[in-house]
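Residue numbers (the working numbering), protein chains in the order written: chain A, 193 to 270; chain B, 663 to 1151. Shown next, in structure tokens, is the structure this report addresses.
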């Protein structure tokens, strides 16, 4: 079980940057993309995206760091 | 430890203040449409920008910042004075929002002042919860910590209840026209100052937490709580575990079951304003005792399993429950009985109102408004039958039960994860990132998902479901269900 837990650490390490990159792509697509006449409110407004990306960057780094600690076995004795 | 009488004084003083802070924070959100009309006219780009900042910055940036700022203060000077300060800040800011003249009167100053006061509200909220939870936990006997701290946990939901109750009552007393277009909307803000003064008087009579007092007496308080909380790996890894294994999932469950459900009922199901909000109010009221029950249960069987069960239930049942909410209000599936058309008055001659009745007692009011550009806009308001209304209440109640499971034991769980000298700082940040950021993002990401091809009204739920599932897996694998009774060190 401990080896599975540790292996999943690699997954958590990857989830952080993957989610962040997906958010950046979504931001670019929704700010500059064609909305086909849909009223999307804040979705196409750059200000919320800047705030969200700014707050999500440290969270994504935190998730990767968490994955690293898991991989190193730091949570095995909790 | 405290006597039984003493602990109830502590709980009352802490809970009342926290409840008022939540009330203050929610009335801004509940009245956001009116506030936007008065202070942030959409045709002015600067006001629109300030409005966006007020919406996003208060929850996402300022709340976690408040958690760090006041958490540090609480670990250095003490819990009592810090959460007194947050109460004064919150109450003052809320009262002043109710006093600001509209954009029409003072121009750009109006949105600037409202934005600043909203940011102050976010800052104060970020500091309040950690202080109240820590204060109660540090007065509680170890074997009943879940039970006693669960009273603090009821305040976030009761704050929503109080804010909706006050808004609906004032709206009824002064009338919809005065409330929306006159000064009626200001009264819930102005009322806050009375509630805050009462709460301050109660809190001033309280003593500092015994654990913190002991540390201070021994000269063992932290001189740099931020460095100890986030700069030392042994503690920082627990902050990360608290965030990704507990508060992240708790935040989305909390937000989805209450606020997303409220918005879904009003805007997707088109339930009439008073009936929609009363459905939420009744469901919340019925579910509130379960915060206490699950807090108490967590003292017996551990915190982790209850919290994770709440997350799993949300993951499995959100889509069927929201689908059922939609079906209850879907008039295309009901048997049509009669239609009545009317033009209400001469002033509203561009409005055409049709009232459709259905066999089960549901009525549907469709207001068609002809705009000056020749286009017509339609507004639908559905009033459900008693049976439909109570079925909706039951469904919302079930969702709020998930909230009580994840939220009831979490204060005790967080308190037990960190040592007294840096507890306020360490527990406040993951809590406010979980609730403010992950929970607060539910409407934004849900809307984002519905812009993707092939999505429908339920697709937005994939965000809270995904986050809760990730949190469930992390929590299941790495959290311990053992209760840590030794929180004195």
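All C-beta atoms in this analysis are idealised placements derived from N, C-alpha and C, irrespective of residue type, glycine included.
Inter-residue Cα distance where the pair is residue i and residue j
| i | j | result |
| --- | --- | --- |
| residue 1153 of chain B | residue 877 of chain B | Coverage of chain B is limited to positions 663 through 1151, which leaves residue 1153 of chain B absent and any answer about it impossible. |
| residue 895 of chain B | residue 734 of chain B | 18 angstroms |
| residue 1008 of chain B | residue 770 of chain B | A caution first: residue 1008 of chain B carries a pLDDT of 49, below 50, which makes its placement in the model too unreliable to give a value. |
| residue 1021 of chain B | residue 995 of chain B | 11 angstroms |
| residue 202 of chain A | residue 1117 of chain B | 31 angstroms |
| residue 702 of chain B | residue 929 of chain B | 22 angstroms |
| residue 810 of chain B | residue 716 of chain B | 34 angstroms |
| residue 1141 of chain B | residue 1041 of chain B | 48 angstroms |
| residue 1081 of chain B | residue 885 of chain B | 14 angstroms |
| residue 1147 of chain B | residue 804 of chain B | 5 angstroms |
| residue 709 of chain B | residue 954 of chain B | 43 angstroms |
| residue 205 of chain A | residue 960 of chain B | 31 angstroms |
| residue 976 of chain B | residue 1067 of chain B | 10 angstroms |
| residue 839 of chain B | residue 814 of chain B | 37 angstroms |
| residue 992 of chain B | residue 748 of chain B | 45 angstroms |
| residue 235 of chain A | residue 194 of chain A | 42 angstroms |
| residue 807 of chain B | residue 1088 of chain B | 18 angstroms |
| residue 1124 of chain B | residue 1003 of chain B | 40 angstroms |
| residue 1109 of chain B | residue 762 of chain B | 32 angstroms |
| residue 776 of chain B | residue 759 of chain B | 6 angstroms |
| residue 794 of chain B | residue 675 of chain B | 9 angstroms |
| residue 1102 of chain B | residue 870 of chain B | 32 angstroms |
| residue 910 of chain B | residue 256 of chain A | 15 angstroms |
| residue 723 of chain B | residue 241 of chain A | 13 angstroms |
| residue 665 of chain B | residue 865 of chain B | 18 angstroms |
Enclosing alpha helix (DSSP H) for residue i [first to last residue]
| i | result |
| --- | --- |
| residue 861 of chain B | 849-866 |
| residue 1058 of chain B | 1048-1069 |
| residue 985 of chain B | 965-991 |
| residue 829 of chain B | 807-836 |
| residue 239 of chain A | 238-263 |
| residue 672 of chain B | 666-692 |
| residue 878 of chain B | 872-879 |
| residue 711 of chain B | 707-719 |
| residue 917 of chain B | 910-917 |
| residue 950 of chain B | That residue, residue 950 of chain B, is in no alpha helix (DSSP H); it is neither H nor E in DSSP. |
| residue 268 of chain A | Unbroken run through residue 268 of chain A: none, as it is neither H nor E. |
| residue 1197 of chain B | The structure shown does not extend to residue 1197 of chain B, since chain B is modelled only from 663 through 1151, so no value can be given for it. |
| residue 1083 of chain B | From DSSP, residue 1083 of chain B is part of no alpha helix (DSSP H); its letter is neither H nor E. |
| residue 789 of chain B | 771-801 |
| residue 743 of chain B | 741-761 |
| residue 766 of chain B | 765-768 |
Closer than 7 angstroms at the beta carbon, the chain B residues around residue i
| i | result |
| --- | --- |
| residue 240 of chain A | 714, 718 and 1106 |
| residue 216 of chain A | None at all; the shortest Cβ gap to chain B is about 13 angstroms. |
| residue 237 of chain A | 714 |
| residue 247 of chain A | 722, 723 and 1099 |
| residue 255 of chain A | 906 |
Beta strand (DSSP E) segment containing residue i, residue limits
| i | result |
| --- | --- |
| residue 1039 of chain B | 1038-1045 |
| residue 219 of chain A | Per DSSP, residue 219 of chain A belongs to no beta strand (DSSP E); it is in the alpha helix (DSSP H), 194-224. |
| residue 738 of chain B | Not the beta strand (DSSP E): residue 738 of chain B falls in the alpha helix (DSSP H), residues 725-738. |
| residue 1020 of chain B | 1013-1020 |
| residue 1032 of chain B | 1025-1032 |
Per-residue contacts from residue i into chain A (C-beta, under 7 angstroms)
| i | result |
| --- | --- |
| residue 724 of chain B | Chain A residues near residue 724 of chain B: none, gap ~10 angstroms exceeds 7 angstroms. |
| residue 1095 of chain B | 251 |
Chain-ordered chain A contacts of residue i [CB-CB under 8 angstroms]
| i | result |
| --- | --- |
| residue 1103 of chain B | 244 |
| residue 899 of chain B | 258, 261, 266 and 267 |
| residue 1110 of chain B | 218, 222 and 235 |
Chain-ordered chain A contacts of residue i [CB-CB under 9 angstroms]
| i | result |
| --- | --- |
| residue 902 of chain B | 254, 255, 257, 258 and 261 |
| residue 730 of chain B | Neighbours of residue 730 of chain B on chain A: none; closest Cβ ~12 angstroms, over 9 angstroms. |
Q: Give, in chain order, every residue of the segment 1119-1150 of chain B whose Cβ lies closer than 7 angstroms to some Cβ of chain A.
A: 1139, 1140 and 1142
Q) Which residues, in order along the segment 708-721 of chain B, keep a beta-carbon less than 9 angstroms from a beta-carbon of chain A? A) 710, 711, 714, 715, 717, 718 and 719
**Q.** Continuous alpha helix (DSSP H) assignments of at least 4 residues falling wholly in the segment 1112-1151 of chain B
**A.** 1124-1140
Q. According to a CB-to-CB cut-off of less than 8 angstroms, which residues of the segment 904-922 of chain B neighbour chain A?
A. 905 and 906
Q: Give, in chain order, every residue of the segment 771-801 of chain B whose Cβ lies closer than 7 angstroms to some Cβ of chain A.
A: none
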